[in-house]
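Using our numbering, read the sequence shown as starting at 43 and increasing by one per residue.
Inspection log for the structure reproduced underneath, given as C-alpha cells.
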Amino acid sequence: PTPMSHANLRAFVEAYLDYEEPKAGISPGGVDKLEALLEEVYLFEPLTWLEAAVFFLFAITEDPLNADDWAALARYRWEQYELTRSALSPIVSKLGAVEA
C-alpha cells in the first residue's frame, strides 16, 4: 500500500472544512479549526488501524479458505497500529490518573 501523505490528509481535511464552513480554510478561526480537526484525526488514527486488524482477524474465522490473505491484511494493519499507537499516550495517561 501507498504510505499516507500528511500533505494530502491536510488538504482533505481543509476541503472538508471548506465544504462544511466555506470560510474555514481562510479565516484565522478556520486555521484553528483545521489544526484542531487534524489533531483529532491523528489522535484516533491508531484506533482505526486496530479496528481494521481485528476485523481481518475475525474474517479468518468466517472465511478460513482465504486465511492467508486475511492474515496478511490483518498483519499490515497491526503494523500500522504499532507505528501510530504513541498518539494514544496522552489519553492513556489521563485515564491512568482517574481513580475508580
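A virtual CB, placed ideally from N, CA and C, is assigned to each residue, including glycine.
Does residue i come out as helix, strand or coil in the three-state DSSP assignment?
i, result
"T44", "coil"
"E87", "helix"
"D105", "coil"
"E77", "helix"
Compare the C-alpha of residue i against each of the options and name the closest.
i, options, result
"V83", "I102, D110, L51 and E93", "L51"
"E93", "Q122, S131 and G138", "Q122"
"L177", "F100, A57 and A95", "Nothing in the structure corresponds to residue 177, since the chain is present only between 43 and 142."
"H48", "L137, D60, P106 and E77", "E77"
Drop a sphere of 10 angstroms on the beta-carbon of residue i, count the other beta-carbons inside from all chains shown, and report buried for 16 or more, exposed for fewer.
i, result
"E104", "exposed"
"N124", "A small fix is needed here, since residue 124 is Glu in this sequence, not Asn. Exposed."
"R119", "buried"
"A95", "buried"
"V55", "buried"
If residue i and residue j are in contact, beta carbons under 8 Å, what's the gap, nearest whole angstrom?
i, j, result
"T44", "E87", "16 Å between Cβ atoms; not a contact."
"I102", "W91", "I102 to W91, Cβ: 17 Å. No contact."
"A116", "L99", "5 Å"
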